[in-house]
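Reading the sequence shown from the start, the letters are residues 3 to 180 in the numbering used here.
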Amino acid sequence: QEQNDFDIVACPSYIELLDEMVVLNTDRKNTAFILVDPPFRLAPSASSLKAWMTNSNLAPTNSEQGLATLNEYAAVYYPNAFASELTGLDVAVPASHVMLRTIALNDQVAYPWFAPAGTRRGGITNATAVGYIDDEGEFTAVALNNGQRDTLYANKMNPLVNFPGTGLVVFGQKTLQD
Numbered sequence: 003q004e005q006n007d008f009d010i011v012a013c014p015s016y017i018e019l020l021d022e023m024v025v026l027n028t029d030r031k032n033t034a035f036i037l038v039d040p041p042f043r044l045a046p047s048a049s050s051l052k053a054w055m056t057n058s059n060l061a062p063t064n065s066e067q068g069l070a071t072l073n074e075y076a077a078v079y080y081p082n083a084f085a086s087e088l089t090g091l092d093v094a095v096p097a098s099h100v101m102l103r104t105i106a107l108n109d110q111v112a113y114p115w116f117a118p119a120g121t122r123r124g125g126i127t128n129a130t131a132v133g134y135i136d137d138e139g140e141f142t143a144v145a146l147n148n149g150q151r152d153t154l155y156a157n158k159m160n161p162l163v164n165f166p167g168t169g170l171v172v173f174g175q176k177t178l179q180d
């Protein structure tokens, strides 16, 4: 009988599957960490970010309208990213895409219980920019300012930032219950 061990669960770009990932993790005795992606079209305004994270639109399920499920073994990273696929084409990718690699790199240089965050362990090496999809369907790069980062962190979202001279960095370590 084949058995696979894993400690990270993600369904990139499928926020509606968060409840199923929580059930799977609960059935496994909470031995995994769940990566949650924000909607690609979630703009970096404080009101939009807060409305989605606090589910002020009263979305009945996890969707672009709001995050309905909170779980201590899950985390949201914002914004999404821009990367090159294998053919060299630039594409928008979900935040979990960069986090899977960042977590793996963190585990190579530190113990797994150390947060994959900050300039030492949170460097993002598989994306060229972070941002969102605007109303015209174009990727718009975002340089999160201090106020936006504070809003994200206060609402349990981990900022992905582009620091001049440093590059792309995970700048948070909150779960959905912190």
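Even for Gly, the Cβ is constructed at its ideal location relative to N, Cα and C.
| Applying the criterion that 16 or more other CB atoms from any shown protein chain within 10 Å of the CB defines a buried residue, is S86 buried or exposed? | exposed
| query | Are there 16 or more other CB atoms within 10 angstroms of the CB of Q150, so buried, or fewer, so exposed? | reply | buried
| field | Own chain, CB closer than 8 Å to P62, minus 5 neighbours either side, in chain order | value | A70
| Could you give the distance in angstroms between the alpha-carbon of F8 and the alpha-carbon of A34? | 7 Å
| What does a CB cutoff of less than 6 Å around A74 pick up in its chain, not counting 5 residues either side in sequence? | One point to set straight first is that residue 74 is Glu, not Ala, in the sequence displayed. Around E74: T177 and Q179.
| request: Less than 8 Å between the CB atoms is what I'm expecting for L37 and I17, so what's the real figure, rounded? | output: Contact between L37 and I17 does not hold, since the beta-carbon distance rounds to 11 Å and is not under 8 Å.
| field | Test item: CB-CB of G169 and N160 under 9 Å | value | no
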